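These notes are about the structure you will find just below.
Number of protein chains: 6
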Amino acid sequence: MNTFRFEKDGSIGRIILTDNPPGKQGLSFGDTLRNAVIAANRTDIRVLAFTSESGNFTVTKDPAELFAQGHQWFEAFTADVFSSIRMIEELRFPTVASVGGRAMGGGFELLLGCDFLVVTDTTALGIPEVSMGVAPMAGGVQRVAERVGRARAARITLLSEPVKGPDAVEIGLATHFAPAGELSKVTTDLVNQLANGPTQSYAVVRSLLRNWKSSGVASADIAMASITSGLLKTEDAQNAITKASQALKNQQPLPRMTFSGK
Amino acid sequence: MNTFRFEKDGSIGRIILTDNPPGKQGLSFGDTLRNAVIAANRTDIRVLAFTSESGNFTVTKDPAELFAQGHQWFEAFTADVFSSIRMIEELRFPTVASVGGRAMGGGFELLLGCDFLVVTDTTALGIPEVSMGVAPMAGGVQRVAERVGRARAARITLLSEPVKGPDAVEIGLATHFAPAGELSKVTTDLVNQLANGPTQSYAVVRSLLRNWKSSGVASADIAMASITSGLLKTEDAQNAITKASQALKNQQPLPRMTFSGK
Amino acid sequence: MNTFRFEKDGSIGRIILTDNPPGKQGLSFGDTLRNAVIAANRTDIRVLAFTSESGNFTVTKDPAELFAQGHQWFEAFTADVFSSIRMIEELRFPTVASVGGRAMGGGFELLLGCDFLVVTDTTALGIPEVSMGVAPMAGGVQRVAERVGRARAARITLLSEPVKGPDAVEIGLATHFAPAGELSKVTTDLVNQLANGPTQSYAVVRSLLRNWKSSGVASADIAMASITSGLLKTEDAQNAITKASQALKNQQPLPRMTFSGK
Amino acid sequence: MNTFRFEKDGSIGRIILTDNPPGKQGLSFGDTLRNAVIAANRTDIRVLAFTSESGNFTVTKDPAELFAQGHQWFEAFTADVFSSIRMIEELRFPTVASVGGRAMGGGFELLLGCDFLVVTDTTALGIPEVSMGVAPMAGGVQRVAERVGRARAARITLLSEPVKGPDAVEIGLATHFAPAGELSKVTTDLVNQLANGPTQSYAVVRSLLRNWKSSGVASADIAMASITSGLLKTEDAQNAITKASQALKNQQPLPRMTFSGK
Amino acid sequence: MNTFRFEKDGSIGRIILTDNPPGKQGLSFGDTLRNAVIAANRTDIRVLAFTSESGNFTVTKDPAELFAQGHQWFEAFTADVFSSIRMIEELRFPTVASVGGRAMGGGFELLLGCDFLVVTDTTALGIPEVSMGVAPMAGGVQRVAERVGRARAARITLLSEPVKGPDAVEIGLATHFAPAGELSKVTTDLVNQLANGPTQSYAVVRSLLRNWKSSGVASADIAMASITSGLLKTEDAQNAITKASQALKNQQPLPRMTFSGK
Amino acid sequence: MNTFRFEKDGSIGRIILTDNPPGKQGLSFGDTLRNAVIAANRTDIRVLAFTSESGNFTVTKDPAELFAQGHQWFEAFTADVFSSIRMIEELRFPTVASVGGRAMGGGFELLLGCDFLVVTDTTALGIPEVSMGVAPMAGGVQRVAERVGRARAARITLLSEPVKGPDAVEIGLATHFAPAGELSKVTTDLVNQLANGPTQSYAVVRSLLRNWKSSGVASADIAMASITSGLLKTEDAQNAITKASQALKNQQPLPRMTFSGK
């Protein structure tokens, strides 16, 4: 199975997936993912990017390697991976995934836990489990559905139809399209923007989005006052408001600001 | 009113709507629908297709025939039809609707209970109730909204604007578009694919989609482990995994597989 | 801050926003909004339109004016504005917003409480709060998300990317696009249509849409029978059914009907 | 299996369960229940009472009779029964169940669909399915839990512990306790009170309770205005308000009023 | 109708209800309530207590005064009152209601918006609306149900059975019971405790309770991290942790602490 | 901080908490809990019991040890603990907690993730966080509320009032009361019963309870058919049905059965 490692570069964190040869490093996808996420959560990074050395996101080159462990092992394995995906969704800073190749099954379900997904012409995203007589077990069905709606989700999940990069942005499965050859640049620009952005504002809005997607508008309405409380007092807000107010008075556009995350 | 009948052809079931002349067969839409759905649920079919002899899906040619029964009768009638629609949503195999003509009001609400909806150039879908001073009473408003989002739903339901076939696929109200003259072929191909597909995988994914649409991502997350449990042990999964694993090892594309439903 | 006033013209109500010079009329945005909504709720109007004298919808020309009041004042202020927005959503007749210029932040969040939003080429809609180190506090995040889905909402809310008029209709953030120079005409036509429409049917369908957006399909299903009960007995329904039945029997299109709201 | 029949006595309806000898009348529990509920829904009754000739509510004297039909038949059977239970919950008038003996498994799940449950010293209620290696399939787990809370529900459902009549009232599983020998009288009094009560008020409050139990307080809050709209105009409200106002002015207690249901 | 006024005494706020003679002060219940709540929200109080000069909480001595305004006026009136109740629930400090007499209908629904309810032997709480052929329109049904469960809620709301003070605590409808003659003392002690308590901790826990009651455990789980974030940095937390740590090290009980609210 | 270890004894698993001296073993509560839960999930046990060597469940003897790590560390720590609690709730077998002493704060929140809680006269359960100027951050507020209702939850969480063993059972915070000196026996009996019970039935009912508590009755209704599907075919069901059917035919009580878990 493939394995993850966490790297930290200033306020930017990266979780990188390495494709291992079949059987080479044992059943480490779940354990290395969990460890990488826990490590990321304990640092002071302000954005986390998911990339892959091969450009692809898959669990293993050899599914038989997985299924040979028995159904009880497999159900514990997917429960463990899914627990890590929810930990990603609950991180207190934004997350970005970037895929130039194939993100399939559990590999794609992992990326569906991120806030932003950057794709390009060579990207293919899919949920092939049904075509193999099984089903997504790490949250993929409901996360595809909330992004693309019921009709398209029926084709992607029930009929296992893959989605190419440009279509993924068109239908709302991905957030950013990078022209050919610019995947790295578009991703880096977005990651840098987020690393220098208002980290606490991001946390608040991400929480509202999660509340909405899980429990609807009324639930987000109810949590809103508590979640946004105190934000106005942050260092970032105080500085930005001063600058924005000045710009608006002078009828100038808002300046691109840099934030401390505090 | 129009009437339904159920037919079984091997693992394929069909519920067929017949347009009756006004007043000809009494108030049978609700009773024949319920009986057809119960009959379908008791067989061993693996897919259920809804078609209409006339190409249209409407409750009656003469609305006055309905409303003349009084509001108490009418409310009991729609409650009964809606109960059948929810039984359709809860069937343990996938469902397909195919419309070449007009599906309006209660006729369209019925089709909104299906997983797949195949349309063509001559198709028109609509919720005209508001333009008649009443309102959809069989689940149409919320099922249109979950498919096309709030803005388009406001126009379709509040303003009673109908949607043509090609637009229906574009906005996610329908799942499949059939070019002119190919409605029957596209529908048949889809029905055959589903009849030979992994019935138990379909059941699992359909249940996750229903849980998501009714209670959000968190609810589907919670039900997921139980719903997917045991799937790996099915005959279909065991066979498909073996074939898929072989193909992936040989770097071949996944073969189109046939499943037993077991 | 800017101020609102309510005007009534027969069965049409209007809440009009006036841009005041900075500091000119004190902190009146919240108070005048609440009073206008309460006034509207107490009349017998059948539609409520939100317009702005300047064409823009913003809270103030000088954000410093707001933030200078302190965070406790500001949190009470936004709670108060948000309470008015929910009162708008709960009005018993449909609501229309029309924007030819910029609707930003709290001004845009207000319009997201309306059923219909008419835009044109010069319209710009946005949630710039995050770019100022704060966050939307009047329901904007969840109401953008329910309209455009998670991926686009992430860009609009987390990255503060504004949306132009034509794109707003394309992605479902607005309901109606008016060609250049026709904003007023398109808005007026829609408002007149609604003012002469089946007010009680609108109330029923709006309630179902709100139930769906807040609690999902199952919740709307459960409330549906109660919400729709009695509608068939209204004067509007009785008249319209008679006319519609006649038209259908004669195989004529449904006539555009005028309703009394009763 | 046991069978149901519907009887109408003025504004009171009754669905009565007859214990049949094993194998005697085929697999009719589901069909006769559905037919009885549909019949009740089509009349003008104002209350529906569930009683049993033997005093017990069980599906069959011989479970082997059920399970011998195969798991696919059994799953269709329980889906059908559960569909009837939800139809009971959605009736537009209140429902009363009265049990002097044992209500177990599917028989008890049926009664959990009623608004009121009258018990006595000899009553025993239970969910024995887990102790037989299966599980409640007609909504019993969630309906017990919403009545008695998580801790007691764990014992009743997971450990299959039955509940005696007096305890059932104490913990909120039943609503009314009848002293020894008075089950019939207490039930009749309650049924008569409801049959002469404000039927439309009951419908409104029952709908709010269902909305609350399914989707929480916020959802009921949202549906409330629509559900309660128009109630003040009913004949019953007009008459009762006049009488109540008079009594309050005279500082007298409210008179027990009789309502027409209109 | 009765009228409210707001008073501030240091960090304690009070909203006091005055019983006016019939017709004396016009239709001011809703307006004076809204103004009092808005006033309370704009101060720096840390607890808000609801009391009544007469000991009773009712809307009016003469219901005919209310209903004579017509159903449209009445529906707007209850919508307005309900909006104020939700504003109470959303205040950023705890709320206490104290009732020695009768709290009925809209008066009781108001108190159901408070965190704490202190009662005594002479207290009576009730929802008499159904017995008058109408229904609670300000949130009472769902708020009684969430406190006492479905079975007791059915009796209190559908059958209009009132609840006496001691029973109200027993079944969870009220939080505190005051022995005869001590209502004022028990209330004052509680209000003082809250006024000197950790205001920001209260805000966090109140928000979690509201999220739970509206959208269930999963929704509160999702909002929890955001809602609790930053609490550890408050002045109150820093001081209390130091003292608690010291006490625990010395194996002493936790000292009763006084908090600044900051 | 205190530390956990996992032990397996046939089909019974145990997670045991050891109280370590302050500072002795570093910050290991979270890491050892997660590892113990993952280990439990990977075995073939059929029940998991939580016990403590000291009889108490607390995070640390010295809270200053925790808070000294800084608020960012602390928030990551609680997020990690909470992630383990949810993994406990999602285990595929039942869980039992047994407390003879004090379970406070995070220690009590952990036990709230279990299905059964056995207490005795010397037990004390509590959420003291608010009294320390902070708030429960591992799900305690919402899990206390769902067990004891809103009124009692307000006292336990907002006012930090502890609950003694007998009261805990009375109000539904705990499931089983053990008389003095019998805590171990009552716990062992329950654990043995569960270890020999119908593991797959337990999994189904636990999933329905979780669905209900998170998303209400309607959500559990929707998931029910999928979650219960296939249960009738298990070895345990087949054997038990045969025995039960035989007993019922002979009018004997159901025999206490032993199950294989398959």
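Protein chains in written order, with this note's numbering: chain W, 1 to 262; chain S, 1001 to 1262; chain H, 2001 to 2262; chain L, 3001 to 3262; chain P, 4001 to 4262; chain G, 5001 to 5262. By construction, the Cβ of each residue, glycine as well, lies at the ideal position given by its N, Cα and C atoms. Treat the numbers as computed from the prediction; the structure is a model and nothing was measured.
(message) Which same chain residues end up closer than 7 Å to F5067 of chain G when comparing Cβ atoms and leaving out the 5 residues on each side of it in sequence?
(response) F5074
(request) Return the CA-CA distance between R5034 of chain G and A1153 of chain S, expressed in angstroms with no decimal places. (result) 46 Å
(message) According to DSSP, is R5256 of chain G part of a helix, a strand, or is it coil?
(response) The answer is coil: DSSP assigns R5256 of chain G none of H, G, I, E or B.
(request) Could you name the residues that DSSP lists as bridge partners for F5050 of chain G? (result) G:I5015 and G:A5097
(request) Return the Cβ separation of A2006 of chain H and I2012 of chain H in integer angstroms, given the expectation that the two are a contact with Cβ distance under 8 Å. (result) Sequence inspection shows Phe at residue 2006 of chain H; the Ala mentioned does not correspond to that position. The pair is not a contact, with the Cβ atoms about 12 Å apart (cut-off 8 Å).
(message) Using the three-state DSSP reduction, which class does D189 of chain W fall into: helix, strand or coil?
(response) Of the three classes helix, strand and coil, the one that applies to D189 of chain W here is helix, per DSSP.
(message) Can you check which of these residues, G:A5220, G:C5114 and G:T5122, is closest to G3139 of chain L by C-alpha distance?
(response) With respect to the C-alpha of G3139 of chain L, the residue from G:A5220, G:C5114 and G:T5122 having the closest C-alpha is G:A5220.
(message) Which residues in chain L have a C-beta closer than 7 Å to the C-beta of V4134 of chain P? List them in chain order.
(response) S3201, L3231, L3232 and A3237
(request) Verify whether the separation of the beta carbon atoms of A4097 of chain P and N4056 of chain P is less than 8 Å. (result) no
(request) Can you check DSSP and say which residues form a bridge with P4065 of chain P? (result) Note that residue 4065 of chain P is Glu in the sequence shown here, rather than Pro. DSSP, once it has assigned bridges, lists no residue as partnering E4065 of chain P.
(request) Taking only the alpha-carbon atoms, compute the straight-line gap between I2171 of chain H and V2148 of chain H and give it to the nearest angstrom. (result) So the alpha carbons of these two residues sit roughly 6 Å apart.
(request) Verify whether the separation of the beta carbon atoms of P1972 of chain H and V2037 of chain H is less than 8 Å. (result) The requested residue 1972 of chain H does not occur in the structure, where chain H is confined to residues 2001 to 2262.
(message) Bridge partners for F2004 of chain H per DSSP, in chain order?
(response) H:L2017
(request) Identify whether K2164 of chain H lies in helix, strand or coil by the three-state DSSP scheme. (result) strand
(message) Looking at K1008 of chain S: is its Cβ nearer than 8 Å to the Cβ of T1032 of chain S?
(response) no
(request) With A3039 of chain L as the anchor, note down where its alpha helix (DSSP H) starts and where it stops. (result) F3029 to N3041
(request) Could you tell me which residues DSSP puts in a beta bridge with G126 of chain W? (result) W:M104
(message) Can you confirm whether T4157 of chain P, when its beta carbon is compared against all beta carbons of chain L, has any partner nearer than 8 Å?
(response) yes
(request) Report all residues from its chain with a CB closer than 6 Å to the CB of A3168 of chain L; omit the five preceding and five following residues, and keep chain order. (result) V3119, L3125 and A3174
(message) For V2081 of chain H, report the span of its alpha helix (DSSP H) as first-last.
(response) H2071 to E2089
(request) Figure out for me which residue from H:E2182, H:L2110, H:Q2193 and H:T2187 has the closest Cα to the Cα of S1131 of chain S. (result) H:Q2193
(request) Using a Cβ cut-off of 7 Å, pull out every chain S residue sitting near A145 of chain W, in sequence order please. (result) L1209 and W1212
(request) For V3186 of chain L, I'd like the list of residues in its chain whose CB is within less than 7 Å of its CB, leaving aside the five on either flank, ordered along the chain. (result) V3118, H3176 and A3178
(message) Let me make sure I understand the geometry here. Which of G:S5214, G:F5029, G:S5226 and G:G5010 has the alpha-carbon closest to that of R1206 of chain S?
(response) G:S5226
(message) With a threshold of 8 Å between beta-carbons, can A3218 of chain L be considered close to chain W, or not?
(response) A3218 of chain L counts as touching chain W.
(request) State the Cα-Cα distance for the pair V2163 of chain H and L4209 of chain P, rounded to the nearest angstrom. (result) 36 Å
(message) Taking the straight line between their C-alpha atoms, what separation do you get for N1211 of chain S and E146 of chain W?
(response) 12 Å
(message) With a threshold of 8 Å between beta-carbons, can I3085 of chain L be considered close to chain H, or not?
(response) no
(request) Within the same chain, show all residues whose beta-carbon is closer than 8 Å to that of A1049 of chain S, passing over the 5 residues directly before and after it, in chain order. (result) Cβ within range, chain order: I1012, G1013, R1014, I1015, T1095, V1096, A1097, S1098, T1187 and V1191.
(message) Can you look up V1059 of chain S in the DSSP assignment and give me helix, strand or coil?
(response) coil
(request) Taking C-beta pairs closer than 8 Å, name the residues in chain S that I4127 of chain P reaches, listed in chain order. (result) Here the premise fails: no neighbours, minimum Cβ distance about 26 Å.
(request) Report yes or no: is there a C-beta of chain L within less than 8 Å of the C-beta of A5174 of chain G? (result) yes
(request) Indicate the three-state DSSP secondary structure (helix, strand or coil) for L4173 of chain P in the structure shown. (result) coil
(request) Sort L:A3195, L:P3253 and L:L3232 by Cα distance to Q4072 of chain P and report the nearest one. (result) L:L3232
(request) Please work out which residues of its chain come closer than 8 Å, Cβ to Cβ, to V1141 of chain S, disregarding the five sequence neighbours upstream and downstream, and give them in chain order. (result) If we look at V1141 of chain S and ignore the five residues flanking it on each side, its Cβ neighbours are I1127, A1135, A1153 and T1157.
(message) If contacts are defined as beta-carbon pairs under 8 Å, then S54 of chain W and D19 of chain W qualify, I think. What distance do you get, rounded to the angstrom?
(response) 5 Å
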